[in-house]
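J.: With our numbering applied, the sequence shown corresponds to residues 4 to 278, in that order.
The beta-carbon is built from N, C-alpha and C at its ideal position, and this holds for glycine as well.
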Amino acid sequence: MNRKDLFAQIQKKQSYLCVGLDADLHRIPKHLLHLDDPIFEFNKQIIDATKDLCVAYKPNIAFYEAHGAKGWKSLEKTLAYIPQDHFTIADAKRGDIGNTSRLYAKAFFEQLNFDSVTVAPYMGIDSVAPFLEFDEKWVILLALTSNKGSQDFQMSTQDQGAELLHEKVLRVAQTWGDPDQLMFVIGATHPEKFEKIRQLAPHNFFLVPGVGAQGGDLNAISHYGRNEQLGLLVNSSRGIIFAGEGEDFAEKARLSAAKLQEQMQRVMDISIGAE
4 MNRKDLFAQI
14 QKKQSYLCVG
24 LDADLHRIPK
34 HLLHLDDPIF
44 EFNKQIIDAT
54 KDLCVAYKPN
64 IAFYEAHGAK
74 GWKSLEKTLA
84 YIPQDHFTIA
94 DAKRGDIGNT
104 SRLYAKAFFE
114 QLNFDSVTVA
124 PYMGIDSVAP
134 FLEFDEKWVI
144 LLALTSNKGS
154 QDFQMSTQDQ
164 GAELLHEKVL
174 RVAQTWGDPD
184 QLMFVIGATH
194 PEKFEKIRQL
204 APHNFFLVPG
214 VGAQGGDLNA
224 ISHYGRNEQL
234 GLLVNSSRGI
244 IFAGEGEDFA
254 EKARLSAAKL
264 QEQMQRVMDI
274 SIGAE
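#1: Which value, in whole angstroms, describes the spacing of the CA atoms of residue 82 and residue 189?
#2: Would a C-beta distance cut-off of 7 angstroms place residue 255 and residue 242 closer than the cut-off?
#3: Please state whether DSSP places residue 194 in a helix, a strand or coil.
#4: Which residues mark the beginning and the end of the beta strand (DSSP E) in which residue 119 is found?
#5: Quick one: any contact between the region 17-25 and the region 56-76, if contact means 3 or more CB pairs under 8 angstroms?
#6: Kindly list the residues whose CB is nearer than 7 angstroms to the CB of residue 2, restricted to its own chain and excluding five residues on each side of it in sequence; keep chain order.
#7: Just how far apart, CA to CA, sit residue 167 and residue 173?
#8: Using the Cα positions of residue 46 and residue 165, report the straight-line distance between them to the nearest angstrom.
#9: I need the straight-line Cα distance from residue 271 to residue 234, nearest angstrom please.
#10: Going by C-alpha distance, which of 56, 142, 261 and 220 is nearest residue 92?
#11: Using a Cβ cut-off of 7 angstroms (strictly closer), state whether residue 126 contacts chain B.
#12: Just how far apart, CA to CA, sit residue 42 and residue 5?
#13: What residue does the alpha helix (DSSP H) around residue 241 start on, and which one ends it?
#14: Is it the case that the Cβ atoms of residue 96 and residue 123 are separated by a distance below 7 angstroms?
#15: Less than 7 angstroms between C-beta atoms, sequence neighbours within five positions excluded: which residues of the same chain meet that for residue 15?
#16: For the region 76-132, which segments carrying the alpha helix (DSSP H) assignment without a break, of at least 4 residues, lie completely within its bounds, in sequence order?
#17: So residue 180 and residue 209 are supposed to be a Cβ contact under 8 angstroms. How far apart are they, rounded?
#18: The beta strand (DSSP E) spanning residue 41 covers which residue range?
#19: Note the first and the last residue of the continuous alpha helix (DSSP H) segment covering residue 176.
#20: With DSSP collapsed to three states, give me the class of residue 60.
#21: Could you give the DSSP three-state label for residue 224: helix, strand or coil?
#22: CA-CA distance, residue 192 and residue 146?
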C-alpha cells in the first residue's frame with residue numbers, strides 16, 4: 004500500500020487507528036480454546052468487529068512464532084483474512100546485516116505480503132537498506148519506543164547538550180529512505196516529545212504504540228504529532244482485543260475501538276476546521 008492509498012483510507016474512515024493482533028492464548032476467551040485454531044478464530048472475530056473503525060492491523064509476530072509451525076499457519080490465515088484496503092504491519096522488530104536482513108525482508112514482504120515491518124536501527128544502514136529495496140513496502144524504524152526501558156538508551160546522549168539517541172536515529176535514517184517508504188515508531192508514553200520529533204521528521208508517518216493499556220494520551224499526541232496528511236497510525240492492542248474476555252469479547256472490542264475512532268474523528272474535524 005502506498006502513501007496516497009493509506010491517507011485515502013484515513014480520510015474515508017475518519018480514523019488513524021491500528022489494531023494490534025497480539026493473540027495471547029493465555030487471555031483468549033476459554034470458549035475458543037477447544038477449536039482447532041483458536042488464535043485465528045479470535046483474530047477473525049476481532050477483525051469482523053473492528054474493520055470499519057480502523058485502517059491498519061499489526062500482528063506481533065512473537066505471539067505466532069511461539070507456537071511453531073501451527074502458529075505460523077495462524078498468522079498466514081489471519082493475514083489472508085484482513086481486508087485488502089487495510090494497511091498491515093508485521094511487528095517483528097528485525098535487524099541484522101546484509102543477506103540476513105534481505106531474507107527477513109523476503110519473508111515478510113514476499114512470502115507473507117505484509118505492507119510493512121518494524122525494524123531495529125541499532126546495527127546501522129546495512130541492516131535496514133535491504134528492507135527498503137521493495138516497491139510500495141514500508142520500513143517502520145524504532146526511534147522512541149513506549150516501554151519503560153526506552154530511557155536506558157533512546158533518551159541518552161554521548162555529550163552534554165548533544166542530540167539524544169532517538170533524535171540521531173530520526174535525523175540519520177531520513178538519509179536512508181524517503182517518507183513514502185519510511186515510518187518511525189514513536190511511543191505515546193512520551194507525549195512531551197512529539198512536538199520536537201515532528202519538527203525533526205515533518206513528513207514521515209509515525210506508528211504510535213502505547214495508547215490504551217499503557218495509558219498514552221491520544222489527544223496530546225494527535226495535537227503535536229499530526230502533519231499535513233495526519234501522519235499518524237495510533238496502535239491499541241490489549242485495550243481493544245482484551246476489552247472483554249467472555250463470549251461477548253468481540254462486541255467489547257468493538258466498543259473500545261469505536262471510542263478511539265470517535266476521538267480521532269473529532270481531532271480530524273478540528274484539524275480540517277483550522278485549515
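T.: By the coordinates alone:
#1: Your numbering for residue 82 matches position 79 in the sequence shown. Your numbering for residue 189 matches position 186 in the sequence shown. Separation of residue 82 and residue 189 (C-alpha to C-alpha, rounded to the nearest whole angstrom) is 24 angstroms.
#2: Stepping through the sequence shown from its first residue, residue 255 is reached at position 252. Stepping through the sequence shown from its first residue, residue 242 is reached at position 239. Not a contact, by the Cβ cut-off of 7 angstroms.
#3: On the sequence shown, position 191 is the one that residue 194 refers to. DSSP places residue 194 in helix when its eight states are reduced to three.
#4: Start at 1 with the first residue of the sequence shown, and residue 119 comes out as number 116. Here the beta strand (DSSP E) through residue 119 covers 119-122.
#5: The region 17-25 and the region 56-76 touch, with no fewer than 3 CB-CB distances between them shorter than 8 angstroms.
#6: Not covered by the structure: residue 2. The range shown for the chain is 4 to 278.
#7: Position 164 of the sequence shown, counted from the start, is the residue given in the question as residue 167. Position 170 of the sequence shown, counted from the start, is the residue given in the question as residue 173. So the alpha carbons of these two residues sit roughly 10 angstroms apart.
#8: In the sequence shown, residue 46 corresponds to position 43, counting from 1. In the sequence shown, residue 165 corresponds to position 162, counting from 1. Rounded to whole angstroms, the gap between the alpha carbons of residue 46 and residue 165 is 45 angstroms.
#9: On the sequence shown, residue 271 is found 268 positions in, with the first residue counted as 1. On the sequence shown, residue 234 is found 231 positions in, with the first residue counted as 1. Roughly 12 angstroms separates the two Cα atoms.
#10: Translated into positions along the sequence shown, residue 92 becomes position 89. Of the candidates 56, 142, 261 and 220, the one whose C-alpha sits nearest the C-alpha of residue 92 is 142.
#11: Chain labels in this structure do not include chain B; a single protein chain is all it has.
#12: Counting from 1 along the sequence shown, the entry for residue 42 is found at position 39. Counting from 1 along the sequence shown, the entry for residue 5 is found at position 2. Straight-line Cα distance between these residues: approximately 29 angstroms.
#13: Looking up residue 241 in the sequence shown gives position 238. That run of the alpha helix (DSSP H) goes 241-244.
#14: On the sequence shown, position 93 is the one that residue 96 refers to. On the sequence shown, position 120 is the one that residue 123 refers to. Against a cut-off of 7 angstroms, the Cβ pair of residue 123 and residue 96 comes out as a contact.
#15: Taking the sequence shown and counting its residues from 1, one reaches residue 15 at position 12. Excluding residues within five positions, none has a Cβ falling inside 7 angstroms.
#16: If only uninterrupted alpha helix (DSSP H) runs of at least 4 residues are considered, those enclosed by the region 76-132 are 101-109 and 128-131.
#17: For the purposes of this step, residue 180 is taken as the residue at position 177 of the sequence shown. For the purposes of this step, residue 209 is taken as the residue at position 206 of the sequence shown. The C-beta distance from residue 180 to residue 209 rounds to 15 angstroms, too long to meet the 8 angstroms contact threshold.
#18: Start at 1 with the first residue of the sequence shown, and residue 41 comes out as number 38. It is not in any beta strand (DSSP E) - residue 41 instead sits in the alpha helix (DSSP H) that spans 41-53.
#19: Walking along the sequence shown from the start, residue 176 turns up at place 173. The continuous alpha helix (DSSP H) containing residue 176 extends over residues 168-176.
#20: Working through the sequence shown from its first residue, we reach residue 60 at position 57. Here residue 60 sits in strand by DSSP.
#21: By one-based count along the sequence shown, residue 224 stands at place 221. Three-state result, residue 224: helix.
#22: As a position in the sequence shown, residue 192 is number 189, starting the count at 1. As a position in the sequence shown, residue 146 is number 143, starting the count at 1. One C-alpha to the other measures close to 13 angstroms.
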